[in-house]
Structures are given as structure tokens and as C-alpha cells.
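Per the numbering used here, the very first residue in the sequence shown carries number 1; after that it's consecutive.
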Amino acid sequence: MKFLLAGSLFYLLVGLGLSGCSSNSEQLDNPRQGTITIASDESFKPLVRALTNAYEGIYPNAHFVVDYKPEQQAIRQLLQDSARIIFSTRQLNEKELDIIKKQKGTQKFQHIATDGLALVISKTNSDSLITMNEIRAIFEGKIKDWSQLKGGNQKGLITLVFDNANASNLNFILHKFGITNIQHLRIISSGSNEKVIENVKTNPLHLGFIGVNWISDGHSLASEELSKGIHVMGVSKKANPDSLTDYIQPFQGGLEFKRYPLFRDLYIISREGYSGLGGGLMTYIARDVGGLIIQKMGLLPTVPYPRELEITTGKNF
Numbered sequence: 001m002k003f004l005l006a007g008s009l010f011y012l013l014v015g016l017g018l019s020g021c022s023s024n025s026e027q028l029d030n031p032r033q034g035t036i037t038i039a040s041d042e043s044f045k046p047l048v049r050a051l052t053n054a055y056e057g058i059y060p061n062a063h064f065v066v067d068y069k070p071e072q073q074a075i076r077q078l079l080q081d082s083a084r085i086i087f088s089t090r091q092l093n094e095k096e097l098d099i100i101k102k103q104k105g106t107q108k109f110q111h112i113a114t115d116g117l118a119l120v121i122s123k124t125n126s127d128s129l130i131t132m133n134e135i136r137a138i139f140e141g142k143i144k145d146w147s148q149l150k151g152g153n154q155k156g157l158i159t160l161v162f163d164n165a166n167a168s169n170l171n172f173i174l175h176k177f178g179i180t181n182i183q184h185l186r187i188i189s190s191g192s193n194e195k196v197i198e199n200v201k202t203n204p205l206h207l208g209f210i211g212v213n214w215i216s217d218g219h220s221l222a223s224e225e226l227s228k229g230i231h232v233m234g235v236s237k238k239a240n241p242d243s244l245t246d247y248i249q250p251f252q253g254g255l256e257f258k259r260y261p262l263f264r265d266l267y268i269i270s271r272e273g274y275s276g277l278g279g280g281l282m283t284y285i286a287r288d289v290g291g292l293i294i295q296k297m298g299l300l301p302t303v304p305y306p307r308e309l310e311i312t313t314g315k316n317f
């Protein structure tokens, strides 16, 4: 009798234990449902919005709370484990990886696209061509006036316009040219890529820097509206370009084979330690459907969407 009672108690405890495990597992998100926080540099807001909206359209019980903020703050949010995944133009450095290791966490990354940092000016500014040497000279303080550019058609001090001091756009350009001091520059932090565009439209002497996905979705009315009133500058790697073909714009034709000099990589970085909603989004983006959305937004996807071509020859084989 005692044996039977002990056995019954054992199975009761096991049953409660299994019930508890089932309850906890139900609370975990999975690739089809749940709610997680992700973060992204504001430069990629149109792309991230398109990807997450598409995923939520397939899985109505999946929800992404997206924090758009300067890249360094997004990375800090990942390190604090308050964002499951982030969109970033760089991978984590050794110091950041050590922080996650000390937390006994995991991290993985996925290269999803090649992006271009676009230089935009007012349509009333006819100086729409620039070389990499000239851009470097501007940030070094050697070129301060529009008239100093090769073939410059206007006079006036150059004012540089960025979204945020800690965002990927400014950090990328400073790292590209090894610039450590910007105190001598006429520089404005407007608060967002959209505000950079609006600022440039009304200020012919201003030179703006934005993520190209803000203006490269040709099917979006918002993108079309933002593009009105601005020129996207052509940038040449050559100090002395031979012809107009040496000036490349940051659209897909220029990003392919990295012909556009100011290209940059775009990554997803995750610290998800199980098969959850973050992993589901990463898998979706890695497949051809995600590549199609990236392509539609004007970036060059790492995994291109396959095209099917039907060729009619007029002959029977």
C-alpha cells in the first residue's frame, strides 16, 4: 500500500513537472508566433518595415516591436539583451563579443544585402558630380566651398547634413576616410534620414547623406514624394574621371560588383539561443522571397531572387 502511494506521488510530481515545462514552452516565441523587440539604424527603416510587414502578413500571430535608433544605440540594446536581433552595417567587435560571452549568451550574424550611402543635393544645385578625393578633402577641411569642386557651378560654404551623430551614415563616412575630428566642419544633425532630405530640398548649399532605400523604392508613393526636389550625386573612384560613365550612383546597377565607391554591407545580428521568431525572420530573409523585397527596396540582396526566362525561338526541338 505504501508502495502504491509512493508510486502515485511520483507520477503526480512528474505530471506537474511536465505540465510546468509545457506552460513555459508555450510562453516562448517560435518562427510562427510571438512578439519580440528588434532594433535598427533609422537609415534602414523603409527596408526593415517592408520585411517585417511581409513576415507578419504570412504569420498573423507574429509581431515585431521595432526600435529605430542610431546604430551604436541599437548595438548597445542588443548587448543589454533588450533587442533580440538588430540590423547593422557592421559585425560586433571583439569587445562587444566578449560582453555577450560573459553573459553566457550566443550571437550569430547574417549578411543580407549591399547598401549604398547616397549623397543628395537640392535640384537647384547643378553640381551633381563628385569624386572620392573631393569627399575626403571636404571632411579633412581642405574643400569648404562648392566652387572648389571640379567643374563647380556655384559658390557658397558646404554644409554637411546627417541624420544623427551616432548613426551609421556618419560613422561609415568617418571610418571610410579615417576622420577622427569633425569640429572644424559645418555639419548638421537633422534627426532622421527623412529630415535630411527635407533640409537639402530647401538649402542649395547643403550636402545630405542618407540610406538609399529611402528613395529607391519606385513603387512607393512615399519614396517618390521624398525624391522630388533632390538630385542623387554621382561619385567617381577616379581622381580625374575620363567621362560621365566614371560617376556611379548608389542604385542596384552601381551596387552590383561594388562599383559604387560608398557601398556598405548590411547584416542581421541575433542573440537568440533557440529556434524563435528572430530565427524565423532571418530564414525568411535568407530565402529568395526576402531577397525579392530587398531588391524591390533598391539594395542588392545577398541571395538574389531567381528569375525565370521563357525564350521563344520559333523552332521546334
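In this text, a Cβ means the ideal position worked out from N, Cα and C, and glycines have one as well. None of these values were measured; they are calculated from a predicted model.
C-beta atoms of residue i and residue j nearer than 8 Å
{"i": "L129", "j": "M297", "result": "no"}
{"i": "T159", "j": "R186", "result": "yes"}
{"i": "K69", "j": "A50", "result": "no"}
{"i": "L226", "j": "I197", "result": "yes"}
{"i": "G76", "j": "T37", "result": "Sequence inspection shows Arg at residue 76; the Gly mentioned does not correspond to that position. No, Cβ-Cβ distance for R76 and T37 is not below 8 Å."}
Extent of the continuous alpha helix (DSSP H) to which residue i belongs
{"i": "H175", "result": "S168 to F177"}
{"i": "V48", "result": "K45 to I58"}
Residue interval of the beta strand (DSSP E) (run including residue i)
{"i": "I230", "result": "I230 to V232"}
{"i": "R264", "result": "F263 to S270"}
{"i": "T35", "result": "G34 to S40"}
Where residue i sits in the DSSP three-state scheme
{"i": "D242", "result": "coil"}
{"i": "L5", "result": "Bear in mind that a pLDDT of 40 at L5, under 50, signals an unreliable position, so the model cannot answer this."}
{"i": "N164", "result": "coil"}
{"i": "V303", "result": "coil"}
{"i": "T114", "result": "strand"}
When the options are compared against residue i, the one with the closest alpha-carbon
{"i": "N164", "options": "F64, D81, I179 and I188", "result": "I188"}
{"i": "I86", "options": "K95, Q73 and E94", "result": "Q73"}
{"i": "G276", "options": "F64, S43, G57 and A50", "result": "F64"}
{"i": "T89", "options": "G290, E272, F263 and Q33", "result": "F263"}
{"i": "N193", "options": "L174, I179, N181 and S168", "result": "S168"}
{"i": "N199", "options": "N171, I230, T180 and G178", "result": "I230"}
{"i": "G156", "options": "N166, K150, D246 and D145", "result": "D145"}
{"i": "E140", "options": "N171, T180, P304 and V232", "result": "T180"}
{"i": "E94", "options": "L79, T202 and A83", "result": "L79"}
{"i": "M132", "options": "Q249, L299, Y274 and G278", "result": "Q249"}
{"i": "T114", "options": "F44, H206 and R84", "result": "F44"}
{"i": "N166", "options": "D29, L149 and I182", "result": "I182"}
{"i": "S216", "options": "L300, L92 and R259", "result": "L300"}
Are at least three pairs of beta-carbons, each pair with one atom in the segment 285-292 and one in the segment 106-117, less than 8 Å apart? Output reads yes: the segment 106-117 touches the segment 285-292.
Taking 8 Å as the threshold, find out whether the segment 204-221 comes into contact with the segment 113-120 through three or more Cβ pairs. The answer is yes - the segment 113-120 touches the segment 204-221, with three or more Cβ pairs under 8 Å.
Between the segment 25-39 and the segment 49-62, are three or more C-beta pairs nearer than 8 Å? Yes: at least three Cβ pairs fall under 8 Å.
Can we say the segment 232-242 touches the segment 176-183, given the rule of at least three CB pairs closer than 8 Å? Output reads no: the segment 176-183 does not touch the segment 232-242.
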